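Residue numbers (UniProt numbering): 1 to 1006.
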Amino acid sequence: MSETAFSAPQADLQSAQPDTPVWSRFDAEWYLSSYPEVVEAMAELGIGDVETYYREHGAKLLHSPNRYFDEKYYMGMNRDVADAVANGLVPSGFVHYCNDGYRESIRPPHWLFDERYYLKYNRDLNQRVIAQSGAKNGYDHYLRIGDAEHRNGHWFFDGAVYLLNSTQSLLRPDRGGAFMQYLHDDTETGANARVSWYFDPDWYQQTYPEVRELVASGAYLSPLHHYLCNPTPQAYLPCAWFSEEYYAATYPDVQVAVDNGVFRNNYEHFIRHGAAERRAPAQGIDLLKYYLGGSVRIDLEGGAFRDAFAHWIARRPPGGHGSDKVAVPDEKQTKHLFAVAADNLLPQLAHTTLDFTLRGPAEISVIVVLFNKFPLTMLALASLRSNYPGNIELIIVDNKSYDDTRHLERYVRGAHIIHNRYNAGFVEACNRALDFVTGPAVLYLNNDLQIGLNAVALSLRRLFSEPNIGAVGTKLIRTNGMLQEGGSIIWRDGSTFGYLRDADPNIPEANFVRDVDFCSGAFLLVRTELVRQLGGFDVDYKPAYYEEADMCVRLRKAGYRIVYDPALVVQHFEYGSASSAASTRLMLRNHGIFQRKHRDWLRYQHPPRARNALFARTARNGQKRILLIEDRVPLRHLGAGYVRSNDIVRTMASLGHLVTVFPIYKSPTTFINIYRDFPDTVEVIYDRDQDDLPDFIESRAGYYDVVWVGRTHNLERLLGVLSDNSTALPAHGFVLDTEAIAAPRSAERDRVLGIASKEPMETALRRELDCAYFCQKIIAVNERDATLIRRVGFDNVAVLGHMKEPQATFSPFSARRDMLFLGALHDPGSPNHDSLEWFVEHVLPLVDGRLPPDVRFNVAGFINPSVDLSPLTANPRVNLIGPVDDLEALYDAHRIFVAPTRFAGGIPFKVHEASSYGLPIVATQLLCSQVGWSDRVEIMSGGTDNPAQFADRIVELYTDRERWISVRHNALVRLERENSRAEYRHALGAIINDVISHVALDVPAN
1 MSETAFSAPQ ADLQSAQPDT PVWSRFDAEW YLSSYPEVVE AMAELGIGDV
51 ETYYREHGAK LLHSPNRYFD EKYYMGMNRD VADAVANGLV PSGFVHYCND
101 GYRESIRPPH WLFDERYYLK YNRDLNQRVI AQSGAKNGYD HYLRIGDAEH
151 RNGHWFFDGA VYLLNSTQSL LRPDRGGAFM QYLHDDTETG ANARVSWYFD
201 PDWYQQTYPE VRELVASGAY LSPLHHYLCN PTPQAYLPCA WFSEEYYAAT
251 YPDVQVAVDN GVFRNNYEHF IRHGAAERRA PAQGIDLLKY YLGGSVRIDL
301 EGGAFRDAFA HWIARRPPGG HGSDKVAVPD EKQTKHLFAV AADNLLPQLA
351 HTTLDFTLRG PAEISVIVVL FNKFPLTMLA LASLRSNYPG NIELIIVDNK
401 SYDDTRHLER YVRGAHIIHN RYNAGFVEAC NRALDFVTGP AVLYLNNDLQ
451 IGLNAVALSL RRLFSEPNIG AVGTKLIRTN GMLQEGGSII WRDGSTFGYL
501 RDADPNIPEA NFVRDVDFCS GAFLLVRTEL VRQLGGFDVD YKPAYYEEAD
551 MCVRLRKAGY RIVYDPALVV QHFEYGSASS AASTRLMLRN HGIFQRKHRD
601 WLRYQHPPRA RNALFARTAR NGQKRILLIE DRVPLRHLGA GYVRSNDIVR
651 TMASLGHLVT VFPIYKSPTT FINIYRDFPD TVEVIYDRDQ DDLPDFIESR
701 AGYYDVVWVG RTHNLERLLG VLSDNSTALP AHGFVLDTEA IAAPRSAERD
751 RVLGIASKEP METALRRELD CAYFCQKIIA VNERDATLIR RVGFDNVAVL
801 GHMKEPQATF SPFSARRDML FLGALHDPGS PNHDSLEWFV EHVLPLVDGR
851 LPPDVRFNVA GFINPSVDLS PLTANPRVNL IGPVDDLEAL YDAHRIFVAP
901 TRFAGGIPFK VHEASSYGLP IVATQLLCSQ VGWSDRVEIM SGGTDNPAQF
951 ADRIVELYTD RERWISVRHN ALVRLERENS RAEYRHALGA IINDVISHVA
1001 LDVPAN
């Protein structure tokens, strides 16, 4: 390559950095390959130098000088440049770009690069960072650095997609990043490679066969080049899942913008804006519903995809929307495989032994009764030994086996093995083993199972977590992957029922801790002292069956609880130690015995009907059942009021209530992350949404005592469903938790932005709360909102704010630096986004010269790709951090917190959170009023629409150590007094008790 001779303005560019940008160089080899007719033309004109020909003739023919700059595209996108070339003011678009255009981000040099996109979606980049890297502009940075760092520079080029779909790219890794490899791949395969989820080259050529001919003729480089550069952009569709006609008809304002030249076509609007807004790309595609279902939202927040449309395209199964559900395997086959796995373990055990030698007091005693089934036994014992490394006192009773069980001592060391002279059965054998128990807990364990991760340790922890827990049972999963039981029910007639048998083990109903009637003896952990008090199993049930149900009933009669814990997982062969026919006969006989022994207790059980299983699944001990409805499963990382809802759920559970969480939209995350965020006694219906609510309510008719509806708009949207199903719900147990009153926030937003209000605030307030009549109790987040609610005629109001206990970080004033903003930016124009723009534009410049220039304004938290923060980075103080996992370290490193919110409702959680970590705050007067804190006491007030006051408070708090210490201390004291866990429990408990008392009395509340 030789370098283009720059005009005078370009001389500065060369002097700044000898290594000129690759886009500024003439590539003779590429030029001759791209324009083969040039060889003949040069001969006719007598020109021997390729670059001379390009300058004197090729540029006039709209030839490009290299593969990185597209002359035709540049001239087509910049009419002013084309006019200047036509008038002889500049030789070519290329010369214009090298001299002037490279400085302007609005002038893309190539149809697959846009500097505005590059800066917007690579938030750590800005003009300052680019200049520091030695690059001349964003395109130079991309080609020199960014491409190799797997960054993308255009909506229609995703390096990961290209590398996934192009085998050619794997052959030349020396060529740098994906974009470089794509530009250097001159093969037909490279031209047809898919480089974006937004464009399907195969579908495009099949739908428009003329494109294949145009590419073959050299008129266009590839199908994508044709789509992005053809002169009739609305005549072609990029894929099967977008319709120009439908989008234009559905969103006519976009078509107006297209007609005015703002967008090339409707698809450009959709890709740049509409997909992030979850607009419909074609008939029948609901991106909003898709976004709110499954793991889509969490995938997008994690950066896996730019928007829901790209996610939908990438995850769409071949051939359409086919289901990927797998049929439940045949249980005979899975049992066979389980037995084969046991057989396959035996050769390993031939050269080793399972060691259960006690090296201290027994932490747990395990009783196993055997009759043959040696391979299954060894699999179970190996599972037990590997599951728990502590001191296991293993007591084995062999009921006269005739297989290798007779020689068990060869393979198991340290166990107490009893060889009976006859088959004594399960009950007698267990009672004999009980005489040798020394551990604090006895685990009755079948020999036809495998124990899940940490099940032994977790069962011990659960058993001794509360003094009134007598026994603990497990989630039993059969060999076919379906549930055997999720706890068991005893009906009024003495028959038993394994709750959720044949269900998926991962469904919400199977995955919360609850008290039950009994749990299977396949894995049943009981306190030793209680077993001895009961005399072990009742010998009337010899040889087996119903003995564990009887023991659990006797424990319950003595005042102890039987707890089902789904964290304890056991895979059970089921009927592996006896024939199913023999088992059935024993069950029938012992059912009668059990019925006669416990008539006094059974008469208060539910009748044996499947529809009663919901009520019977929990051994209720006076707890109230609460259905809490929210927009989404209230995970703490979501912010926006969900932390408070999560605290409400946690507190309800801590008060002993049975809580079910039902989201309007399906959970955006996996159930493993959901369960980490809630107490294990809470039932979270993560797999259903608003469409399923009517059937859900009907299936649980009469079940709930209280229905707690989070957010007023949810009550409004569900009013019809709740009214239609009112007979299935409590008559007087409805609570509306407003979370925040929206009317004053909207009015303040209109005032701040200079928008004419559609209606008076009072009218908007009445309209907002029009649905509140349905509820017996209305919750406000602060006294300010409570006053507004009372103002429109409701006196059944209670206040429940945030729970945030102090957890102050320890770094002193002198060790901290910089200003912090922490908040999620989900949408353009949101309160957080507005506050950032206002602060950076109007306040931050006012601290220059008053704070050291190296003091940064760090912006942390989730940033939706639709929110463009690149303009803010023009201020050298601004530093975009993005999501942060370790909040404690983040707060501990900063000196002050900035909360410039200009319109918002409710209580700002971020104020309480930052203060709880001991970080003093400068906030607008709006937020100060919402939390009820005073200027220069617990907080620093930046006033209302007052950049000068805000800047003054920042400088004062940042530089005055004594003020910093005082404000920090006072805020922590205020939190301890008003937002402690104890205070929150008291307030929420009083609200629920008030609601429940009126439900019980069936009278109106005062």
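Note that CB positions come from ideal geometry on N, CA and C, so glycine has one too.
Only a predicted model underlies this, so the values are computations on that prediction, with no experimental measurement involved.
Does LEU736 come out as helix, strand or coil in the three-state DSSP assignment? strand
Name the DSSP bridge partner or partners of ARG413? ASP355
I'd like to know whether the C-beta atoms of GLY494 and ILE562 end up nearer to each other than 8 Å. no
Do you know whose CA, among ALA327, VAL937, LEU869 and ASP818, lies nearest TYR118's CA? LEU869
Name the two residues that bound the continuous beta strand (DSSP E) containing TYR444. 441 to 445
What span of residues does the beta strand (DSSP E) with GLU485 cover, start to end? 483 to 485
For the putative contact between LEU957 and PRO920, defined by C-beta atoms under 8 Å, what is the C-beta separation to the nearest angstrom? 6 Å
Buried versus exposed, by CB contacts within 10 Å (16 or more), HIS311: buried
Out of GLY58, ASP27, PRO865 and GLY284, which has the shortest C-alpha to C-alpha gap to MET42? GLY58
Can you pull the DSSP bridge partners for HIS598? None, per the DSSP bridge assignment.
Considering only residues of the region 880 to 956, which uninterrupted alpha helix (DSSP H) runs meet the minimum length of 4 residues and lie entirely inside it, listed in chain order? 887 to 893, 909 to 916 and 925 to 931
Distance, VAL931 Cα to ALA731 Cα: 35 Å
Once DSSP output is grouped into helix, strand and coil, what is the label at GLU393? strand
With a threshold of 6 Å on Cβ separation, who are the neighbours of VAL898 within its own chain once the five nearest residues in sequence on each side are excluded? MET819, PHE821 and VAL922
Proximity to LEU354 [Cα-Cα], best of GLN623, PHE371, ASP343 and GLY414: GLY414
The alpha helix (DSSP H) enclosing GLU213, as first and last residue numbers: 209 to 217
In the DSSP assignment, what residue or residues form a beta bridge with ASP848? LEU851
Helix, strand or coil, according to DSSP, for HIS154 in the structure here? strand
Just curious, the alpha helix (DSSP H) that LYS289 is in, first and last residue? 287 to 291
Is the separation between the beta-carbon of ALA452 and that of VAL328 shorter than 8 Å? First, the amino acid is wrong: residue 452 is Gly here, not Ala. No, Cβ-Cβ distance for GLY452 and VAL328 is not below 8 Å.
Using the rule of at least 16 other Cβ atoms within 10 Å of the residue's Cβ for burial, across every protein chain shown, is ASP885 buried or exposed? exposed
Assuming contact is defined by CB atoms lying nearer than 8 Å, are VAL843 and PHE950 in contact in what I supplied? yes
At the level of alpha carbons, what is the spacing between ASP770 and PRO231? 54 Å
Go ahead and label GLY153 buried or exposed: buried means 16 or more other beta carbons lie within 10 angstroms of its beta carbon, across all protein chains shown. buried
When the Cα of CYS239 is compared with those of THR250, GLY481 and TYR267, which residue comes out closest? TYR267
What's the C-alpha gap between ARG961 and SER915? 16 Å
Determine whether the beta carbon atoms of TYR31 and PRO65 lie at a separation below 8 Å. yes
Since I believe ASP398 is in contact with LEU376 (beta carbons under 8 Å), could you give me their beta-carbon distance rounded to a whole number of angstroms? Contact doesn't hold; Cβ gap of about 14 Å is too wide.
Runs of 3 residues minimum, wholly inside the region 739 to 821: which ones carry the beta strand (DSSP E) assignment? 777 to 780 and 797 to 799
Out of curiosity, what's the CA-to-CA distance linking VAL973 and SER980? 10 Å
If I follow the unbroken beta strand (DSSP E) through ASP565, where does it start and stop? 561 to 572
Excluding the five sequence neighbours on either side, which residues of its own chain have a C-beta within less than 7 Å of the C-beta of LYS412, listed in chain order? Just to set this straight, residue 412 is Val in the shown sequence, not Lys. Once the five neighbours on either side are set aside, the close Cβ partners of VAL412 are THR353, LEU354, PHE356 and LEU381.
How many angstroms separate the CA atom of CYS928 from the CA atom of GLU978? 15 Å
Cα-Cα separation between GLY46 and GLN255, rounded to whole angstroms: 52 Å
Pairing CB atoms from the region 243 to 262 with CB atoms from the region 271 to 281, are three or more of them under 8 Å? yes
Excluding five sequence neighbours on each side, which residues of the same chain lie with their C-beta closer than 7 Å to the C-beta of GLU938? VAL967, ASN970, ALA971 and ARG974
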